[in-house]
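Q: Just so it is clear: in the sequence shown, position 188 is 188 by full-length UniProt numbering, and no numbers are missing.
Glycine included, each C-beta is placed from N, C-alpha and C at the ideal position.
Okay, here's the structure, questions in a sec.
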Amino acid sequence: MKQITRICWLLLGVIFIFSGLIKLNDPVGTALKLEEYFEVFAEDFGRFFLAFKPYSRTFSIVLSSLEVILGVALLLRWMLRKTLWVLLALLVFFGFLTFYSAAFNKVTDCGCFGDFIKLTPWTSFFKDLFLLGLWAVVFLNQRYLRRVFAKGQLGVMYITIASAVAIGIGVRALGHLPYFDFLPYKVGNNIGQLMKPSAPIRYKYMMERNGETKEFTEYPTDSTWKYKEMVALNPEASPKITDFRVWNDDGDFTQELLQGNRLILIVQGTEKADRDRFKLINQLFAAAQKSRKRISVLVLTSSSPAAFDAFRHDVNLAAPFYYADATVLKSMIRSNPGLILLQNGTVKGKYHYHDIPAIGDVEKKL
1 MKQITRICWL LLGVIFIFSG LIKLNDPVGT ALKLEEYFEV FAEDFGRFFL
51 AFKPYSRTFS IVLSSLEVIL GVALLLRWML RKTLWVLLAL LVFFGFLTFY
101 SAAFNKVTDC GCFGDFIKLT PWTSFFKDLF LLGLWAVVFL NQRYLRRVFA
151 KGQLGVMYIT IASAVAIGIG VRALGHLPYF DFLPYKVGNN IGQLMKPSAP
201 IRYKYMMERN GETKEFTEYP TDSTWKYKEM VALNPEASPK ITDFRVWNDD
251 GDFTQELLQG NRLILIVQGT EKADRDRFKL INQLFAAAQK SRKRISVLVL
301 TSSSPAAFDA FRHDVNLAAP FYYADATVLK SMIRSNPGLI LLQNGTVKGK
351 YHYHDIPAIG DVEKKL
């Protein structure tokens with residue numbers, strides 16, 4: 001039992017640290033997931049949950065850092081009993097969220113491991129049950145974990161360092177871009193290629209007759225079978241990008257956008273867009289238009305025409321603008337505004353508004 005307890009102790013600590021670091025890698029993405037939960041709770045339990053939305057990024061940093069800190073405390077066996085009780089509270093909280101998502105089909109991805117590992121709601125819930133099982137083994141067998149690796153002031157120092165590192169990782173990612181990009185629009189990916197299936201999609205047909213359900217690889221000609229559903233046999237071949245579309249008043253601009261060298265300013269929404277960097281952005285746009293690399297500049301936004309027209313006049317932004325879905329723009333870059341550099345649809349660079357590049361740095365990527 002001693003070895004089992006130590007394995008459970010190690011697994012529980014490592015998983016918590018890993019989960020927290022993955023979320024801290026992309027605190028904006030974690031905040032967006034929290035906003036989704038707040039909206040669902042506001043609809044089901046009361047609109048007061050909407051009051052938490054403005055603080056979603058703060059909650060993102062705090063909760064994610066807490067996972068890392070508790071994981072470190074557990075591995076150090078620092079104040080073990082109290083650490084385990086706080087871990088239990090966090091596990092019950094996460095367990096409720098994942099069960100609620102799964103049972104009522106409210107949030108299709110809990111964001112437990114960010115965009116690195118996508119889990120279905122029920123998989124997320126069973127993952128939480130597994131962690132509760134690990135917790136129970138450790139809690140009931142603490143006698144096998146008597147040796148503390150950091151006592152007194154040394155333990156406090158280690159926990160303080162862990163807290164500072166975790167919070168620092170999250171705050172830096174919040175003010176720039178994720179350290180590791182797991183989304184389809186990461187640097188090196190070709191958007192046009194990811195909009196196509198990687199192989200022909202094969203399907204099976206679920207048919208029903210007299211209460212019997214049967215699978216067919218080809219649609220049956222026997223009309224007594226009633227169609228139930230169609231299931232992909234190779235879902236991994238499906239397009240990774242399915243909702244990318246760009247348009248303006250003249251029509252669709254998606255394919256044109258994926259041709260040539262394009263420097264795209266993404267303004268997800270004018271109401272929350274940072275306005276302090278537009279002097280640098282306008283200078284970059286002016287230099288790009290004179291570049292020998294023939295760089296076309298444009299803006300993508302999800303704001304209404306009236307709101308964006310007022311915004312662009314306010315920041316003196318002179319560039320053609322197009323519209324795209326708000327969720328797509330948030331997936332493209334975790335910055336509002338943010339810059340994406342495309343070459344024939346391939347993402348060559350992404351820039352937070354805190355990291356506006358010089359034209360020379362942009363040209364080197366093309």
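Can we say the segment 154 to 174 touches the segment 307 to 320, given the rule of at least three CB pairs closer than 8 Å?
A: With a cut-off of 8 Å, the segment 307 to 320 and the segment 154 to 174 do not count as touching, because too few Cβ pairs lie within range.
Q: Which complete beta strand (DSSP E) runs does the segment 171 to 252 hold, if anything under 3 residues is left out?
A: The qualifying runs are 203 to 209, 212 to 216, 226 to 232.
Q: Checking contacts by CB at 8 Å: is K23 closer than that to chain C?
A: Reference to chain C is not applicable here, since this structure consists of a single protein chain.
Q: Can you list, in chain order, the residues of its chain with a C-beta nearer than 8 Å to that of G175? Leave out the 5 residues immediately preceding and following it.
A: Hits under 8 Å: H352, H354.
Q: Starting from Q268 and walking both ways along the alpha helix (DSSP H), at which residues does that stretch end?
A: Premise fails: Q268 is in no alpha helix (DSSP H) and is neither H nor E.
Q: Can you tell me whether W225 is buried or exposed? The criterion is at least 16 other CB atoms within 10 Å of its CB, across all chains shown.
A: Counting Cβ neighbours within 10 Å, W225 comes out buried, since at least 16 surround it.
Q: Quick check: what's the CA-CA separation for G133 versus W9?
A: In a straight line, the C-alpha of G133 is about 11 Å away from that of W9.
Q: Do K350 and I359 have their C-beta atoms within less than 8 Å of each other?
A: No, the Cβ-Cβ distance between K350 and I359 is not below 8 Å.
Q: So what's K118 in DSSP terms, helix, strand or just coil?
A: Coil at K118, not helix or strand.
Q: Roughly how far, in whole angstroms, is the beta-carbon of A232 from the beta-carbon of Y205, given that I think they are within contact range, below 8 Å?
A: Between Y205 and A232 the Cβ distance is about 11 Å, and since that is not below 8 Å, they are no contact.
Q: Could you tell me which whole alpha helix (DSSP H) segments of length 4 or greater appear in the segment 2 to 74?
A: Counting only runs of 4 or more, we get 2 to 25, 27 to 45.
Q: Kindly indicate which three-state DSSP category S163 falls into: helix, strand or coil?
A: Three-state DSSP puts S163 in a helix.
Q: Return the residue from the list F130, R77, Y37 that minimises the CA-CA distance to Y144.
A: Here the closest residue by C-alpha is R77.
Q: Under DSSP, the alpha helix (DSSP H) around Y100 begins and ends at which residues?
A: Where Y100 is concerned, the enclosing alpha helix (DSSP H) stretches over 80 to 104.
Q: Take F93 as the anchor and find which of A73, L75, D128 has the nearest alpha-carbon.
A: Here the closest residue by C-alpha is D128.
Q: With distances taken from CA atoms, which of L97, K82, M332, A136 is nearest T120?
A: The shortest C-alpha separation from T120 is found at L97.
Q: Assuming G260 and S296 are in contact, meaning their beta carbons sit under 8 Å apart, how far apart are those beta carbons, in whole angstroms?
A: Confirmed, about 6 Å.
Q: On a Cα-Cα basis, can you pick out the residue from L154, L131, Y227 that is closest to E212?
A: It is Y227 whose Cα lies nearest to the Cα of E212.
Q: Is it right to say E229 is buried, meaning 16 or more other beta carbons lie within 10 angstroms of its own, or is it exposed?
A: Exposed is the call here.
Q: According to DSSP, is S296 helix, strand or coil?
A: S296: strand per DSSP, three-state reduction.
Q: Rounded to a whole number of angstroms, what is the C-alpha to C-alpha distance between G170 and I61?
A: Approximately 6 Å between the Cα atoms of the pair.
Q: Report the start-end ranges of each alpha helix (DSSP H) in the segment 301 to 350 that is 4 residues or longer and not cut off at the edges.
A: As far as the segment 301 to 350 is concerned, its whole alpha helix (DSSP H) runs of at least 4 residues are 305 to 314, 326 to 332.
Q: Tell me H352's beta-bridge partners as DSSP assigns them.
A: In DSSP, H352 forms a bridge with G338.
Q: Taking L342 as the reference, give the member of T254, T123, R81, Y158 with the closest Cα.
A: Measuring from the Cα of L342, the nearest candidate turns out to be T254.
Q: CB L87 to CB W122, shorter than 8 Å?
A: Not closer than 8 Å, so no.
Q: For A324, I'd like the list of residues in its chain whose CB is within less than 7 Å of its CB, leaving aside the five on either flank, ordered along the chain.
A: Counting only Cβ-Cβ distances below 7 Å, and skipping sequence neighbours, we find R245, V246, L300, S302.
Q: Which residue's Cα is closest to the Cα of K279: K240, P357, S124, D250?
A: Per the Cα distances, P357.
Q: Taking three-plus beta-carbon pairs below 8 Å as touching, is the segment 318 to 337 in contact with the segment 263 to 270?
A: With the cut-off at 8 Å, the segment 318 to 337 and the segment 263 to 270 touch.
Q: Return the residue from the list F16, I333, A306, N248 that minimises the CA-CA distance to V72.
A: It is F16 whose Cα lies nearest to the Cα of V72.
Q: Ignore the nearest five residues each way along the sequence and tell me which others in F149's own chain have a CB closer than 7 Å to its CB.
A: So the list reads L76, R77, once near-sequence residues are dropped.
Q: Measuring straight from C-alpha to C-alpha, what distance separates F130 and S124?
A: Each residue's alpha carbon lies about 10 Å from the other.
Q: Between the C-alpha atoms of D252 and K290, what's the straight-line distance to the nearest angstrom?
A: For D252 and K290, the distance between alpha carbons rounds to 27 Å.
Q: Cα-Cα, which of K330, P337, L177, K240 is closest to D276?
A: Ranking K330, P337, L177, K240 by Cα distance to D276 puts P337 first.
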